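Since the structure comes first, as structure tokens, the remarks are kept for the end.
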Amino acid sequence: MNIPLSKLAKITDANLAQLEKLNLFTTHDALFHLPRDYEDRGTLLDMQSLQVGRTVLIEGEVKSVDFPAGKKRSMAVLLSDGVGKVTLRFYHFYKALTEQLAVGEQIRVFGEVRLGARGLEMYHPEIISKSAQMQANSQLTPIYPSTDGLKQAKLRQIIGQCLKQYAHDLQELMPEGIAKKFDLIQALNFIHHPPLSSNVAQLREARHPAQQRLIFEELVTHQISLLQRRHYIQQIQAPKMSPSKNLLKGLLAQLPFTPTNAQQRVSQEILNDLQTNKPMLRLVQGDVGAGKTLVAAMASCHVLESGWQVAIMAPTEILAEQHYLNFDQWFRELDAEKSGLEVVFLASKLRTKQKNIALEKIKQGQAQIVIGTHALFQEQVEFKRLGLVIIDEQHRFGVDQRLALRDKGADGMTPHQMVMTATPIPRTLAMSAYGDLDTSIIDELPPGRTPIQTVAMPIERREEVLQRIYQNCMEGKQAYWVCTLVEQSETLDAQAAEAIFQELSEKFPDLKIGLAHGKLKPEQKQLVMQQFKNHDLQLLIATTVIEVGVDVPNSSIMVIENAERLGLSQLHQLRGRVGRGSQQSFCVLLYKSPLSQNGQARLDILRQTNDGFEIAERDLELRGPGDVLGTKQTGNLSFRVADLQRDDYLLARAHQVAEQILHTHPQHADALMQRWLPEAPRYAFI
């Protein structure tokens, strides 16, 4: 039975408000609110053996109580056990406490040992009651994630009450073989009240079998969610495409190069999907510069020639505009006979009249390729025959946005879906965040690329870097100078970029310098980018808006200021703006000393490798899944007990058990979803 916490005894409205901040509303919520740490309050130490910095349990007699003069009213209590003494210091106290600490009283306290004016001291130690001590003598004391005003003692009392009165109602939902090793109720009782003899280090690392039991159940539930979503989509019909005969041939003929083996392999995998009447759900991963855009264009050829429309969604308008320029150029050349092949860009800068014309073309099917940001999927955008949706930089969109696309299909058909990312996703995350997608990897860069040399330099050597930039630009090369600030603000970043633009324009009057930042109008930004691409500019001062942008093979130097402020993946993306030609390229990471341990690690990794997949794995180690994928993407990855990096060895088995439960006990799958993912969308597994 799962009842509201308001029904429990000794719980106030203030407690309920505090519990709500922790997302604790019911007895089941409380039972699965697990300790973040444990304390040993059962081992009594004598005062002679105390060490500063340790949190310990001591017992002694109150020898004196006084109230030292000073700015703050305080109470100092001298406690002695006959072999040593400790001063207990209280700055917030009440009458009942002074009575409890009267001279001659024998008391037990738990707190951190500090060195103070009177020798060894404890600040506001917890006074251990006889009932609490009886429990502490046999069990480790749990420390729970909490919030302001909600004391640990109160949380322990609430969770203890739930364990005693309601834990026995919990249904065992794991297969018999798993439950036999450690059933759910046993595991919960152990985790909330481990015996005093338990290995605290093992518990802190979440390696105890009781914790593994719950971790595994949570991972299984996430796999169930992904399998249900995938199965649900596979029940829906999608348009069956025919292989392109003319468009693909024409597209490849106008290229000055041959697609790599990896591009051709991935294109074939996509075509295999498109030739079925089930919706394609494919994630295409490729490092910076691997040629994902061409693969998207090749896939589009099959769809267009089969008489269906293609929609391409990018996370930012500048990237959407870049796709528009590429696709418009490629397909305008293919449409020499003016047969009506039209590429439309749904930009925010369009005037109402222009936008209405574009919307009408999409609705009537006159626009075959439609490019824009997430605004493409607003209600007012109606497609006549949408056959393929390509989502670029997928990790910037919410997981369940993909499912909303079925509403844009025609005749009850769901469009095929292809999602692309230039941020290689570690295997662990791919299995959890993208378990509903098939994965293709473009693991080969176009020939003729020279690996980028990366160096990290302190900001004190900035002048030296500037002179190197000037020298290279005068030799006919091009360079980027990227400004980042301590505070993440588009306005402040723009101001910093403008200041550096002004500084370098005065310092190097014979250089043609451009400026690009997020506060410019899209058409201004595009003009600057185009000037840089056309060699009309030698140096481009920019903010991180160029993380994804134009391909300029002649640019050979990238300088990133305050590089220690950016994540590994973003630094790798920025670095990928250079090294696109055959000449040697350099990336200079300017940093402010002293570097944090993490900051140093990030810069070291970038100096050591250009491999985006290795960088992604190391990024996961340093930052965790939420930061690697972005908060939107990991909304459904907010694990309560599992940790993808720590527990990745359990994922394959969790996937197997999830499939087993869905096929043999589907009602258990629903109950697991309710237990671990109550907010997640439900998809029937038929």
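Start counting the sequence shown at 1; every next residue gets the next number (the UniProt record's numbering).
Ideal placement from N, C-alpha and C gives every residue a C-beta, glycine not left out.
Computed from a predicted model, the values in this text were never measured in an experiment.
What span of residues does the beta strand (DSSP E) with residue i cover, start to end?
i             : result
glutamate 460 : Per DSSP, glutamate 460 belongs to no beta strand (DSSP E) and is neither H nor E.
glutamate 411 : The residue you asked about is not glutamate; residue 411 is aspartate in the sequence shown. First-last for aspartate 411: undefined, no H or E at that position.
lysine 85     : 85 to 90
glutamine 417 : 416 to 421
tyrosine 166  : Here tyrosine 166 belongs to no beta strand (DSSP E); instead the alpha helix (DSSP H) covers 152 to 166.
glutamate 475 : Run containing glutamate 475: none; DSSP gives neither H nor E here.
alanine 76    : 75 to 80
aspartate 29  : Here aspartate 29 belongs to no beta strand (DSSP E); instead the alpha helix (DSSP H) covers 27 to 31.
glutamate 39  : 37 to 39
Once you ignore the five residues that flank residue i on each side, which residues in its own chain have a CB closer than 6 Å to its CB?
i             : result
valine 56     : Leu45
serine 300    : Val310
glutamine 322 : none
aspartate 392 : Ala314, Met420
valine 628    : Model confidence at valine 628 stands at a pLDDT of 46, short of 50, so the residue's coordinates are unreliable; what they give is reported in the following sentence. Here the set comprises Asp619, Leu620.
alanine 410   : Arg385
What residue does the alpha helix (DSSP H) around residue i start on, and which one ends it?
i              : result
valine 303     : 292 to 305
cysteine 587   : No alpha helix (DSSP H) contains cysteine 587, which is instead part of the beta strand (DSSP E) from 586 to 591.
alanine 201    : 200 to 204
glutamate 523  : 522 to 533
methionine 47  : No alpha helix (DSSP H) contains methionine 47, which DSSP labels as neither H nor E.
methionine 673 : 666 to 676
tyrosine 324   : 317 to 334
aspartate 13   : 13 to 21
glycine 250    : 247 to 253
serine 569     : 568 to 575
glutamine 597  : 597 to 608
isoleucine 224 : 209 to 234
residue 765    : No statement about residue 765 is possible, as the shown extent of the chain runs from 1 to 686 and does not include it.
aspartate 148  : From DSSP, aspartate 148 is part of no alpha helix (DSSP H); its letter is neither H nor E.
aspartate 611  : It is not in any alpha helix (DSSP H) - aspartate 611 carries neither H nor E in the DSSP assignment.
proline 273    : Here residue 273 is aspartate; the residue named in the question, proline, does not match the sequence. First-last of the alpha helix (DSSP H) with aspartate 273: 261 to 274.
lysine 363     : 352 to 364
Spatial neighbours of residue i within its chain, please: CB distance less than 8 Å, with the 5 preceding and 5 following residues excluded, ordered by chain position.
i              : result
residue 699    : With the chain represented from 1 up to 686, any question about residue 699 goes unanswered, as that position is not in the structure.
serine 596     : Glu564
tryptophan 481 : Ile469, Ile500, Leu504, Leu539, Leu540, Ile541, Ala542, Val559, Glu561
Just grab the DSSP bridge partners of residue i for me.
i                 : result
methionine 558    : Tyr480, Cys587
glycine 286       : Ile442
leucine 540       : Tyr480, Gly514
phenylalanine 345 : Ile371
valine 389        : Ala311, Gln417
aspartate 66      : Ala76
leucine 57        : Leu44, Phe110
glutamate 621     : Paired residues: none, contrary to the question.
proline 4         : Thr26
threonine 454     : Cys587
proline 195       : Gln139
leucine 281       : Gln417
What does a CB cutoff of less than 7 Å around residue i pick up in its chain, not counting 5 residues either side in sequence?
i              : result
glycine 250    : Leu334
arginine 207   : none
isoleucine 686 : Confidence at isoleucine 686 is low in this model, with a pLDDT of 40, below 50, so the placement of that residue should be treated as unreliable; the coordinate-derived value is given next. If we look at isoleucine 686 and ignore the five residues flanking it on each side, its Cβ neighbours are Gln235.
leucine 8      : Ile158, Gln161
lysine 278     : Gln234, Ala238
asparagine 554 : Lys477, Gln478, His535, Gly581
glutamate 172  : Ala179, Asp183, Leu184
glutamine 133  : Arg108
proline 125    : Leu88, Val109, Phe110, Gly111
Assuming residue i and residue j are in contact, meaning their beta carbons sit under 8 Å apart, how far apart are those beta carbons, in whole angstroms?
i              : j              : result
glycine 579    : isoleucine 452 : 4 Å
threonine 484  : histidine 517  : The pair is not a contact, with the Cβ atoms about 11 Å apart (cut-off 8 Å).
threonine 450  : glutamine 364  : Between glutamine 364 and threonine 450 the Cβ distance is about 48 Å, and since that is not below 8 Å, they are no contact.
valine 303     : glycine 387    : 5 Å
lysine 519     : isoleucine 318 : Not quite, the Cβ-Cβ distance comes to about 13 Å (not below 8 Å), so this is no contact.
isoleucine 442 : alanine 290    : 4 Å
glycine 60     : serine 80      : 5 Å
methionine 122 : glycine 111    : 4 Å
serine 113     : glycine 53     : Note that residue 113 corresponds to valine in the displayed sequence, not to serine. That belief holds up - the Cβ atoms of valine 113 and glycine 53 are roughly 7 Å apart, short of 8 Å.
valine 641     : leucine 214    : 5 Å
Can you find a CB in chain B that lies within less than 8 Å of the CB of residue i?
i          : result
lysine 249 : Looking at the structure shown, chain B is missing, and only one protein chain is on hand.
For this session: Within the region 100 to 145, note down every full beta strand (DSSP E) run reaching 3 residues or more, in order along the chain.
Result: Those beta strand (DSSP E) runs which fall completely within the region 100 to 145 and span 3+ residues are 106 to 112, 114 to 116, 119 to 123, 141 to 143.
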